[in-house]
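In the UniProt record's numbering, the protein residues as written are 1 to 477. Every residue, glycine too, gets a C-beta built ideally from N, C-alpha and C. The structure under discussion appears below in the form of structure tokens.
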């Protein structure tokens, strides 16, 4: 099967996995979309848009996608480079003359250095409690005054230093070079050419009832979530202002696939996507960054994209520009697990596409029931177990794990009610048999793995009280 056909076949389980993660992490809402080869193979929403009002989350609810905005800013810059209106080696002072007039060393930072977070400029400023809504996000005058007073942290190209202030300056450069506001430019050169109707550069009060509410974190796992108001990010829109949906983000992500020329040439995309910085902290690599995109690998799959963090929303989009895959996950809480869920989805997609190393699906021995007859969700005192079909193979995994490949097992069908865990070295039950018991209607009543029994979830919950202590009767039995 093709990548798209494989993902389409797995979409039902991928949605089930997302639902489990949302419940497990107690996140109010999760919106997810997966696009492969121009097909939107999954578009789903689970949970609530507002935890106080209890409004169900829909796939068309708008999310603040925060630092995804940087990819829109970088795309805008590259369009202007292609048009001959900006050069990557231009100094930002050419477009923001106030920096030159004030004698700020930041004026000498180049467009490319700002795009790659190598300009040395401060991350958010010395007064950044606008991130906690203590006061409004800065306007142009306030931002520039803060840069002049306290803007430089490092020399140019001394360190990778992620900077929302730097991207705010890029927004001003886009305006100066194009003669349009940042909102106008991105709308006419990115949003409208892609046919997007639920994406924009800044909060739109006229659409207030279309936004998913942001929520506070569950501090120490005990506090109730509260709703956080949406605000205008003003001059910082190019760094963090955008809103969208997961589905529209996959359409935007597809415009960064090679061969798609709706926004940029492949030459410009190669420049944006190639590695500019290996980011290390305390001697350990913590990330990689290109020119307006972060760069990483999940397994053997090279990806670009971005995460986003806005008061009440955490988001993540991965783009594979060569194999034409986009995964976007949007959550509406400060502690939303967008990156872990998106990472897990990529891993599950790749697990469906390719068996784990060393495993070759064996030829069936005789006539056996279809693989779907072995599937289900089961539970025991230690947690959950899913038996499911991915890529035409029967596999076992824990759907509550942040990394679904931990404990992921390839299974062999050896009889109508018997499976075998693929033989290999390991700490689990490799090579051992999994025995199924069926109810009168043919459904699976229990699964025994490694000698321990699991039941369908409702049955386990009925049995769980008896598992809390060993009774005298059990001792004498």
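With a cutoff of 9 Å on beta-carbon distance, residue 122 and residue 152 are scored as near each other.
Following the DSSP letters along the chain, one finds residue 16 inside the alpha helix (DSSP H) bounded by residues 3-24.
Around the beta carbon of residue 1, fewer than 16 other beta carbons lie within 10 angstroms, which makes this residue exposed. Counting along the chain, residue 350 sits inside the alpha helix (DSSP H) bounded by residues 338-353. A distance below 9 Å separates the beta carbons of residue 216 and residue 312.
In the DSSP assignment, residue 226 forms no beta bridge with any residue. Beta-bridge pairing by DSSP links residue 380 to 383. By DSSP's assignment, residue 416 forms no beta bridge with any residue.
According to the DSSP assignment, residue 273 belongs to the alpha helix (DSSP H) that extends over 266-273.
Put simply, the region 171-186 does not touch the region 128-138. Fewer than three CB pairs are less than 8 Å apart. Contact annotation, residue 378 with residue 456: C-beta distance approximately 6 Å; criterion of less than 8 Å satisfied.
For residue 317, the enclosing beta strand (DSSP E) has its first and last residue at 313-320. No Cβ-Cβ contact shorter than 9 Å links residue 30 with residue 268.
For residue 286, the CB contacts under 8 Å within the same chain, skipping 5 residues up- and downstream, are 279, 280 in chain order. Ranked by Cα distance from residue 87, the first of 103, 113, 99, 68 is 113. Following the DSSP letters along the chain, one finds residue 39 inside the beta strand (DSSP E) bounded by residues 39-50.
Of the candidates 247, 165, 299, 165 places its Cα closest to the Cα of residue 233. Shown here, residue 78 sits in a helix according to DSSP, grouped into three states. DSSP places residue 393 in the uninterrupted beta strand (DSSP E) bounded by 393-397.
Take residue 25, set aside five residues on each side of it, and the residues of its chain with a beta-carbon closer than 7 Å to its own are 337, in chain order. Spatial neighbours of residue 169 in its own chain (CB-CB distance under 7 Å, excluding positions within 5 residues in sequence) are listed in chain order as 92, 96, 114. Within a 10 Å sphere around the beta-carbon of residue 36 sit 16 or more other beta-carbons, which makes this residue buried.
Following the DSSP letters along the chain, one finds residue 302 inside the beta strand (DSSP E) bounded by residues 301-310.
Looking at the backbone, the Cα of residue 230 and that of residue 437 are separated by about 52 Å. In this structure, the beta-carbon distance from residue 254 to residue 69 does not fall below 9 Å. Judged by DSSP in its simplified three-state form, residue 455 adopts strand.
In the three-state DSSP reduction, residue 331 falls in the strand class (E or B). Each residue's CA atom was taken as its position, placing residue 44 and residue 60 some 10 Å apart. In this structure, the alpha-carbon of residue 207 lies about 35 Å from that of residue 349. Within the same chain, 437, 453, 455 come within 6 Å of residue 446 by CB-CB distance, once the 5 residues on both sides are set aside. Between residue 318 and residue 308, the C-beta gap is not smaller than 9 Å, which leaves the two residues out of contact. Three or more beta-carbon pairs separated by less than 8 Å are not found between the region 316-331 and the region 362-376, which leaves the two stretches without contact. For residue 429, no beta strand (DSSP E) segment is defined, and its DSSP state is neither H nor E.
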